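Participant:
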Amino acid sequence: MTENVLTIFLISDGTGETADQMIKAALVQYMRTGLKIIRYKNIRTEIQVRTIFEEAHAIKAIIVYTVVSETLRKFIDVTSQQTGVSIVDLLGPLLEKLSVHLKRDPQSQPGLFHQVNENYFKRIEAIEFTVKHDDGKYADSLDRADIVLVGLSRTSKTPLSIFLSYKGWKVANVPLVKDIDPPKELFQTDQRKVVALVIDPETLVKIRRERLVKMGENPGGDYASLNHVIAEIEFCKELYRKNRRWPIFDITGKALEETASEVERVIKSAMPEKWGHIN
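Quick note on the numbering used here: the sequence shown kicks off at 2 and runs consecutively.
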């Protein structure tokens with residue numbers, strides 16, 4: 002027996018992606034193959050709705066919709082009665098019930114969920130990029146970073162990178178090692194997004210010694226000696242002097258949040274055409 006094709010018109014004042022997934026999840030219960038979903042997104046006027054109803058009526062389709070505007074939802078209900086086209090309101094009953102319990106009206110702003118969802122996935126993408134580009138890895142794609150941190154070992158490059166990534170920034174960090182040239186890609190990327198980190202020598206010595214003790218290693222070597230650290234810092238300062246476009250941040254005694262905020266401010270100021278619209 003041939004199965005009749007069911008056509009569903011999906012009306013949304015946003016992208017319609019959420020409703021599309023809901024419909025498909027529901028239809029799985031019917032093991033149906035004869036199905037066609039036609040999505041109409043960014044529908045926000047009565048004229049648009051009327052045209053869709055005429056098409057639905059002509060082919061006996063049903064209409065499923067997610068519309069936040071109460072006025073437009075009422076128009077859809079009235080048009081359904083006039084045309085005889087069956088409708089399913091996925092969002093309206095939920096908004097009405099929430100309004101009763103929250104004692105406030107919805108914002109009725111289309112696309113908010115998609116906007117929040119999109120921002121969430123951008124943060125996930127930023128975190129994944131940052132983890133992948135930790136400690137100088139994948140230097141060949143530094144140009145894809147929003148921010149590039151440079152500094153000696155144990156100058157908070159990784160925690161600062163991760164903190165910034167949680168806020169949506171794609172961050173790469175490049176370790177500086179005395180008497181070893183940084184990767185050439187560092188100087189080939191946009192220099193406005195390179196940020197240099199420095200720290201007080203005594204503080205760095207203390208941090209490194211504590212790190213070695215935690216790892217069960219001898220803290221008495223060059224890595225945590227004051228003279229060696231001073232030499233490393235001088236090496237960095239010389240490199241910074243040669244690259245004067247890099248803003249320098251002294252992280253000594255500063256909270257991660259404070260440094261991150263300053264880095265964001267400087268990057269936005271240096272690249273207003275890209276980041277000037279972000280608060």
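Glycine included, every Cβ here is placed at the ideal spot set by N, Cα and C. Bear in mind the structure is a predicted one, so any value in this text is a computation, not a measurement.
How is arginine 212 classed by DSSP in three states: helix, strand or coil?
Facilitator: Within the sequence shown, numbered from 1, the residue matching residue 212 stands at position 211. Helix.
Participant: Isoleucine 38 and isoleucine 9 look like a contact to me (Cβ under 8 Å); what is the Cβ gap, rounded to whole Å?
Facilitator: Taking the sequence shown and counting its residues from 1, the one referred to as residue 38 is at position 37. Taking the sequence shown and counting its residues from 1, the one referred to as residue 9 is at position 8. Confirmed, Cβ separation roughly 5 Å.
Participant: Kindly indicate which three-state DSSP category leucine 95 falls into: helix, strand or coil?
Facilitator: On the sequence shown, residue 95 is found 94 positions in, with the first residue counted as 1. Residue state, collapsed to three classes: helix.
Participant: Go ahead and label proline 273 buried or exposed: buried means 16 or more other beta carbons lie within 10 angstroms of its beta carbon, across all protein chains shown.
Facilitator: To locate residue 273, count along the sequence shown from 1; it is residue 272. Proline 273 is exposed by the Cβ-count criterion.
Participant: May I ask you to verify whether the region 264-272 touches the region 200-220, counting CB pairs closer than 8 Å and requiring at least 3?
Facilitator: The region 264-272, when compared against the region 200-220, does not touch it at the 8 Å Cβ threshold.
Participant: Look up aspartate 251 in the DSSP assignment and say whether it is helix, strand or coil.
Facilitator: Taking the sequence shown and counting its residues from 1, the one referred to as residue 251 is at position 250. DSSP places aspartate 251 in strand when its eight states are reduced to three.
Participant: Going by the DSSP bridge assignment, what does asparagine 219 pair with across the sheet?
Facilitator: Within the sequence shown, numbered from 1, the residue matching residue 219 stands at position 218. None; asparagine 219 has no bridge partner.
Participant: How would you call serine 166, buried or exposed, if buried means at least 16 neighbouring beta carbons within 10 angstroms?
Facilitator: If you number the sequence shown from 1, residue 166 lands on position 165. Buried, since its Cβ has 16 or more Cβ neighbours within 10 Å.
Participant: When you compare only the Cα positions, how much space is there between valine 117 and isoleucine 12?
Facilitator: Here residue 117 is taken as the residue at index 116 of the sequence shown, counted from 1. Here residue 12 is taken as the residue at index 11 of the sequence shown, counted from 1. Residue confidence for valine 117 is low, a pLDDT of 49 falling below 50, so the modelled location carries little weight and cannot support an answer.
Participant: Go ahead and label alanine 225 buried or exposed: buried means 16 or more other beta carbons lie within 10 angstroms of its beta carbon, across all protein chains shown.
Facilitator: One-based indexing of the sequence shown puts residue 225 at position 224. Result: buried.
Participant: Count the other C-beta atoms from every protein chain shown that fall within 10 angstroms of the C-beta of glutamate 227, then say buried if there are 16 or more, exposed otherwise.
Facilitator: Position 226 of the sequence shown, counting from 1, holds the residue named residue 227. Position check: residue 227 holds leucine in this sequence, whereas glutamate was assumed. It is exposed - the Cβ of leucine 227 has fewer than 16 other Cβ atoms within 10 Å.
Participant: Give me, in chain order, the residues of the same chain whose beta-carbon lies closer than 7 Å to that of isoleucine 148; leave out the 5 immediate sequence neighbours on both sides.
Facilitator: As a working mapping, residue 148 is identified with position 147 in the sequence shown. For isoleucine 148, where only same-chain residues beyond five positions count, the Cβ hits under 7 Å are Leu165, Trp170, Val172, Lys194, Val196, Val264 and Ile268.
Participant: Going by C-alpha distance, which of Gln83, Arg145 and Ala26 is nearest glutamine 192?
Facilitator: For this step, residue 192 is matched to residue 191 along the sequence shown. It is Arg145.
Participant: With a threshold of 8 Å between beta carbons, is glutamate 186 in contact with chain D?
Facilitator: In summary, chain D is missing from the structure at hand, where a single protein chain is found.
Participant: Report the three-state DSSP secondary structure of arginine 266 (helix, strand or coil).
Facilitator: Position 265 of the sequence shown, counting from 1, holds the residue named residue 266. The answer is helix: DSSP assigns arginine 266 an H, G or I state.
Participant: Go through its chain and collect everything with a Cβ distance to threonine 3's Cβ below 7 Å, but skip five positions before and after it.
Facilitator: Stepping through the sequence shown from its first residue, residue 3 is reached at position 2. Low confidence applies here, because threonine 3 scores a pLDDT of 46, under 50, leaving its location unreliable and the question unanswered by this model.
Participant: In whole angstroms, give me the CA-to-CA distance for aspartate 182 and arginine 155.
Facilitator: Position 181 of the sequence shown, counted from the start, is the residue given in the question as residue 182. Position 154 of the sequence shown, counted from the start, is the residue given in the question as residue 155. If I take the Cα positions, the gap works out to 19 Å.
Participant: Under a Cβ-count criterion, where at least 16 other Cβ atoms within 10 Å of its own Cβ denotes burial, should valine 151 be classed as buried or exposed?
Facilitator: Numbered from its first residue, the sequence shown carries residue 151 at position 150. It is buried - the Cβ of valine 151 has at least 16 other Cβ atoms within 10 Å.
Participant: With respect to the alpha helix (DSSP H) encompassing leucine 187, which residues constitute its N-terminal and C-terminal limits?
Facilitator: As a first step, residue 187 is located in the sequence shown; it is residue number 186 there, counting from the start. Counting along the chain, the alpha helix (DSSP H) containing leucine 187 begins and ends at 186-189.
Participant: When you compare only the Cα positions, how much space is there between tryptophan 59 and glutamine 49?
Facilitator: Position 58 of the sequence shown, counted from the start, is the residue given in the question as residue 59. Position 48 of the sequence shown, counted from the start, is the residue given in the question as residue 49. It should be pointed out that residue 59 corresponds to alanine in this sequence rather than to tryptophan. Computed Cα separation, rounded: 16 Å.
Participant: Pick helix, strand or coil for alanine 173, following the three-state DSSP scheme.
Facilitator: Locating residue 173 in the sequence shown gives position 172, counting from the first residue. Alanine 173 falls in the strand class under three-state DSSP.
Participant: Is it right to say isoleucine 88 is buried, meaning 16 or more other beta carbons lie within 10 angstroms of its own, or is it exposed?
Facilitator: Residue numbering aside, residue 88 sits at position 87 when the sequence shown is read from its first letter. Answer is buried; the Cβ neighbour count reaches 16.
Participant: I need the DSSP call for lysine 168, collapsed to helix, strand or coil.
Facilitator: Here residue 168 corresponds to residue number 167 of the sequence shown, with the count starting at 1. Residue state, collapsed to three classes: coil.
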